[in-house]
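Sequences listed follow chains A and B, in order.
Numbering-wise (the working numbering), the first sequence opens with residue 1 and increments by one.
Numbering-wise (the working numbering), the second sequence opens with residue 1 and increments by one.
The beta carbon of each residue, even a glycine, is placed where N, CA and C say it ideally should be.
Keep in mind the model is a prediction, meaning the values are calculated, not measured.
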Amino acid sequence: MPRPEHSEAYWTAIKYVILALTGLMIVALVLALVIVLRLVPWS
Amino acid sequence: MSAINTLLPLASSILSFVFAAAVFQRYVRRPTRKSLLVWSIGLVFYGIGGACEALTGVFGFNPLVLKIWYLFGAILVAAWLGQGTVFLLAPDRWVRFTTILLVGASLFAMFAVMMAGVDPNYTVSAELTGRAFTTTWVRMLTPFFNIYGTVTLVGGALYSAWLFWRKRVLPHRMIGNILIATGALAPAFGGVLSRFGLPGLYLGEFVGVFLMYIGFLQTTVTVAQPTATSVAG
């Protein structure tokens, strides 16, 4: 299959976008855990 | 409540139902792809959630509408959308196990929400919130469903995007998955803001369904591959 015509800079930028979104997902999960801990009666 | 708190969820709801119809239509054409069916169920839940928010904006607070909103819009939607991704990416054994678990947990959540007490005199400030429940433990269910939904939906979309990135193929599908992941994160953060008493849930929901729909269209677009002749020529 032929490679799509995108520059190396494009693929590098996409890599950082994927990494940034992964970071945001982790932040969202940590915040969700904080919510759980705030709700449990023994915290 | 301001008009924006009615119009924004109304727009989210309409878009969700249109999106659900598009995904379901695709499932009808390819009935072996169960992921499409599960995604369309999740999108119907998204639409129900938005419709309840819009109804509250127009007619004011109603305990039954709150319960329907909380069940579909706050508890079930992310997990069921994520389950669609599980159907797409996970081995059959995991699909069976997680589906049984999710169906059981969803039925329990339905029972818990319907049995929960609601303060009938609760005044909604701007956006619907679970604070109106007098049975407070029911609110503990939401983060577990949403953590599962975020991991599977956002994680699954990012994993797919990464696979396309690594192979440097199908860039439209890669971008589509990035948009789906971004869209799925928007209501997740909106929900977190809501839990901390801050506005942003309705906007997050609208941005979320809009980006996921654009992402879905990107992933399903047919791109003509150059023929051997045109590549050689």
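Query	Result
Classification of B:A232 by the beta-carbon crowding that lies within 10 angstroms, buried from 16 upward	Annotation note: pLDDT 37 at B:A232 (below 50); position unreliable, coordinate value reported separately. The residue is exposed, with fewer than 16 neighbouring Cβ atoms inside 10 Å.
Own chain partners of B:A184 with C-beta closer than 6 Å, once the 5 adjacent residues on each side are dropped	L153, V154
In DSSP terms, what B:F133 is bridged to	B:V118
Inter-residue spacing [alpha-carbon to alpha-carbon] between B:A181 and B:M114	31 Å
Inter-stretch contact at 8 Å, needing at least 3 Cβ pairs: the stretch 78 to 93 of chain B / the stretch 114 to 133 of chain B	no
Residues in the stretch 9 to 35 of chain A having any Cβ partner in chain B nearer than 7 Å	W11, I14, K15, V17, I18, L21, T22, L24, M25, A28, L29, L31, A32, I35
Among B:P199, B:G208, B:T222, the one whose alpha carbon lies nearest that of B:I4	B:P199
Short CB-CB distance (under 8 Å) between B:V248 and chain A	Given a span of 1 to 233 for chain B in the structure shown, any question on residue 248 of chain B remains unanswerable.
Amino acids of chain A, ordered along the chain, whose beta-carbon sits closer than 8 Å to that of B:L158	I18, L21, T22, M25
Sub-8 Å separation of B:T220 and B:R26 beta-carbons	yes
Euclidean distance between Cα positions of B:Y262 and B:G42	Because chain B is modelled from 1 through 233, residue 262 of chain B falls outside the range shown and cannot be assessed.
Segment contact flag, the stretch 129 to 136 of chain B with the stretch 157 to 166 of chain B, C-beta cutoff 8 Å, min 3 pairs	no
Span of the alpha helix (DSSP H) around B:Y70	Looking at the DSSP string, B:Y70 is not in any alpha helix (DSSP H), and its letter there is neither H nor E.
B:S40 and B:F24 closer than 8 Å at C-beta	yes
Segment limits, alpha helix (DSSP H) that includes B:S12	4 to 29
Proximal residues to B:G117 (C-beta, below 8 Å), its chain only, five neighbours per side dropped	F133, T134, T135
Option nearest B:Y148 by Cα separation, candidates A:L39, A:L33, A:R38	A:L33
Unbroken alpha helix (DSSP H) run spanning B:V138, endpoints	Where B:V138 is concerned, there is no enclosing alpha helix (DSSP H), given that its DSSP letter is neither H nor E.
Residues near B:T99 by beta carbon distance below 7 Å, same chain, minus five either side	Q83
Cα-Cα separation, B:R139 to B:S2	26 Å
B:L173 at chain A interface by Cβ criterion, 8 Å	It is Arg, not Leu, that sits at residue 173 of chain B in the sequence shown. With 8 Å as the cut-off, B:R173 does not count as an interface residue toward chain A.
The stretch 43 to 53 of chain B touching the stretch 61 to 70 of chain B, judged by at least three CB pairs closer than 8 Å	yes
Closest by C-alpha distance to A:V27, when choosing among B:G208, B:T150, B:E205	B:T150
Beta carbon of B:Q218 nearer than 8 Å to that of B:L179	yes
Given B:F144 as reference, the closest of B:A109, B:D92, B:I175, B:V169 once Cα atoms are compared	B:A109
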